[in-house]
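K.L.:
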Amino acid sequence: AQSVSQHNHHVILSEAASLELGCNYSYGGTVNLFWYVQYPGQHLQLLLKYFSGDPLVKGIKGFEAEFIKSKFSFNLRKPSVQWSDTAEYFCAVNEGNNNDMRFGAGTRLTVKP
Amino acid sequence: GAGVSQTPSNKVTEKGKYVELRCDPISGHTALYWYRQSLGQGPEFLIYFQGTGAADDSGLPNDRFFAVRPEGSVSTLKIQRTERGDSAVYLCASSLAGLSTDTQYFGPGTRLTVL
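Line by line, the protein sequences are chains A and B.
Start counting the first sequence at 556; every next residue gets the next number (the working numbering).
Start counting the second sequence at 9; every next residue gets the next number (the working numbering).
(1) Just the Cα atoms here: how many angstroms apart are residue 62 of chain B and residue 55 of chain B?
(2) Could you round the C-beta distance between residue 97 of chain B and residue 117 of chain B to whole angstroms and report it? I think they count as a contact, below 8 angstroms.
(3) Would you say residue 606 of chain A faces chain B, with C-beta separation under 8 angstroms as the test?
(4) Answer yes or no: does any C-beta atom of chain B fall closer than 8 angstroms to that of residue 563 of chain A?
(5) In this structure, how does DSSP classify residue 617 of chain A when only helix, strand and coil are distinguished?
(6) Does DSSP put residue 110 of chain B in a helix, a strand or coil?
(7) What residues in the segment 617 to 633 of chain A bring their beta carbon closer than 7 angstroms to a beta carbon of chain B?
(8) Please classify residue 634 of chain A as buried or exposed, where buried requires at least 16 other C-beta atoms within 10 Å of its C-beta.
(9) How long is the line joining the alpha carbons of residue 564 of chain A and residue 46 of chain B, rounded to whole angstroms?
(10) Checking contacts by CB at 8 angstroms: is residue 73 of chain B closer than that to chain A?
(11) Start and end of the beta strand (DSSP E) containing residue 661 of chain A?
(12) I want to see whether chain A comes within less than 8 angstroms of residue 116 of chain B, judged by CB atoms only; does it?
(13) Which residues share a DSSP beta bridge with residue 633 of chain A?
(14) State the beta-bridge partners of residue 61 of chain B as determined by DSSP.
(15) Please return the same chain residues whose Cβ sits closer than 6 angstroms to the Cβ of residue 587 of chain A, not counting the five positions on each side in sequence.
(16) Tell me, which residues are paired with residue 14 of chain B by DSSP?
(17) Please state the DSSP three-state secondary structure of residue 626 of chain A.
(18) Under 8 angstroms between the Cβ atoms of residue 37 of chain B and residue 102 of chain B?
(19) With contact counted as at least three CB pairs below 8 angstroms, one residue from each stretch, are the segment 650 to 663 of chain A and the segment 603 to 622 of chain A in contact?
(20) Give the secondary structure of residue 92 of chain B by DSSP, where H, G and I count as helix, E and B as strand, and everything else as coil.
(21) At a Cβ cut of 9 angstroms, what residues of the segment 93 to 105 of chain B count as close to chain A, listed as they run along the chain?
(22) What is the C-beta distance between residue 614 of chain A and residue 602 of chain A, in whole angstroms, given that I count them as a contact (C-beta under 8 angstroms)?
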């Protein structure tokens, strides 16, 4: 079955540590890839997205993600996290021209000040 | 500017009752999506509207669930004969043109609790 996997359920880091959150998907064809973030008490909002071109995508707030087609991965990275990055992060994929976006289960990030 | 709004924010109902959940998309957005998010899970796609028509309803779990968007703006998700397993946060999102590459803007959700 088509799926999106996020490897870590809960990540705890200290401020200034580097972050990498894993995301793998199982679709075989053309995909569009997204990372969404949900800060405590707020709506889901887009961090970044990839649909073509440079596989290294820059997003808001210093986040970036790299699409590695051969590994079916789209990992999210940030070189130095801040306390304000504490949130839940969701990877999402839709396939080709389909609009039914599939989300991973999410990774909760806690950054200790 | 105004984002996606959803009402009510919380709904508590009894098993077997009928509920309606409302979504107001961003003005001018032609595409509207409904998702369901259970505890500890990511959002699960339910249905997608392009204008007034349901372009993809493959995610609706069964025939107790139905959604409409009669004028191509506000949408209502309707759940008949609610069951305890329907308890979840129901999210609505809208996007400008409905392209698969468009950003979807999410509302705050409606938390449905079926007792």
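We treat Cβ as the ideally placed atom computed from N, Cα and C, and that holds for glycine.
P.N.:
In this structure, then:
(1) Against the second sequence, residue 62 of chain B aligns to sequence position 54. Against the second sequence, residue 55 of chain B aligns to sequence position 47. Linking residue 62 of chain B to residue 55 of chain B through their CA atoms gives a straight-line distance of about 7 angstroms.
(2) Reading the second sequence from its first residue, position 89 is the one you call residue 97 of chain B. Reading the second sequence from its first residue, position 109 is the one you call residue 117 of chain B. At roughly 4 angstroms, the Cβ-Cβ gap stays under 8 angstroms, so residue 97 of chain B and residue 117 of chain B are in contact.
(3) Counting from 1 along the first sequence, the entry for residue 606 of chain A is found at position 51. Chain B contact via Cβ: present.
(4) Your numbering for residue 563 of chain A matches position 8 in the first sequence. Residue 563 of chain A does not count as touching chain B.
(5) Position 62 of the first sequence, counted from the start, is the residue given in the question as residue 617 of chain A. Residue 617 of chain A falls in the helix class under three-state DSSP.
(6) Numbered from its first residue, the second sequence carries residue 110 of chain B at position 102. Here residue 110 of chain B sits in coil by DSSP.
(7) For chain B, none of the residues of the segment 617 to 633 of chain A brings a beta carbon within less than 7 angstroms of one of its beta carbons.
(8) Taking the first sequence and counting its residues from 1, the one referred to as residue 634 of chain A is at position 79. Its Cβ having fewer than 16 others within 10 Å, residue 634 of chain A is exposed.
(9) Taking the first sequence and counting its residues from 1, one reaches residue 564 of chain A at position 9. Taking the second sequence and counting its residues from 1, one reaches residue 46 of chain B at position 38. Residue 564 of chain A and residue 46 of chain B have their C-alpha atoms some 15 angstroms from each other.
(10) Walking along the second sequence from the start, residue 73 of chain B turns up at place 65. No, no contact with chain A.
(11) Numbered from 1 along the first sequence, position 106 holds the residue referred to as residue 661 of chain A. That residue, residue 661 of chain A, is in no beta strand (DSSP E); it is neither H nor E in DSSP.
(12) Taking the first residue of the second sequence as position 1, residue 116 of chain B is located at position 108. Residue contact with chain A for residue 116 of chain B: present (Cβ-Cβ distance below 8 angstroms to some residue of chain A).
(13) Mapped onto the first sequence, residue 633 of chain A falls at position 78. BP columns for residue 633 of chain A point to A:574.
(14) Start at 1 with the first residue of the second sequence, and residue 61 of chain B comes out as number 53. According to DSSP, residue 61 of chain B bridges with B:58.
(15) Within the first sequence, the letter at position 32 stands for residue 587 of chain A. Cβ contact annotation for residue 587 of chain A (same chain, cutoff 6 angstroms, sequence separation greater than five): 606 and 649, in chain order.
(16) Translated into the one-based positions of the second sequence, residue 14 of chain B becomes position 6. In the DSSP assignment, the residues bridged to residue 14 of chain B are B:31.
(17) Within the first sequence, residue 626 of chain A is the residue found at index 71, counting from 1. In this structure, residue 626 of chain A counts as helix in the three-state DSSP scheme.
(18) Here residue 37 of chain B corresponds to residue number 29 of the second sequence, with the count starting at 1. Here residue 102 of chain B corresponds to residue number 94 of the second sequence, with the count starting at 1. A contact, by the Cβ cut-off of 8 angstroms.
(19) Contact fails: fewer than three Cβ-Cβ distances are below 8 angstroms.
(20) By one-based count along the second sequence, residue 92 of chain B stands at place 84. DSSP, read as helix, strand or coil, puts residue 92 of chain B in helix.
(21) Within the segment 93 to 105 of chain B, the qualifying residues are 99, 101 and 103.
(22) Within the first sequence, numbered from 1, the residue matching residue 614 of chain A stands at position 59. Within the first sequence, numbered from 1, the residue matching residue 602 of chain A stands at position 47. Contact holds; Cβ gap of about 4 angstroms.
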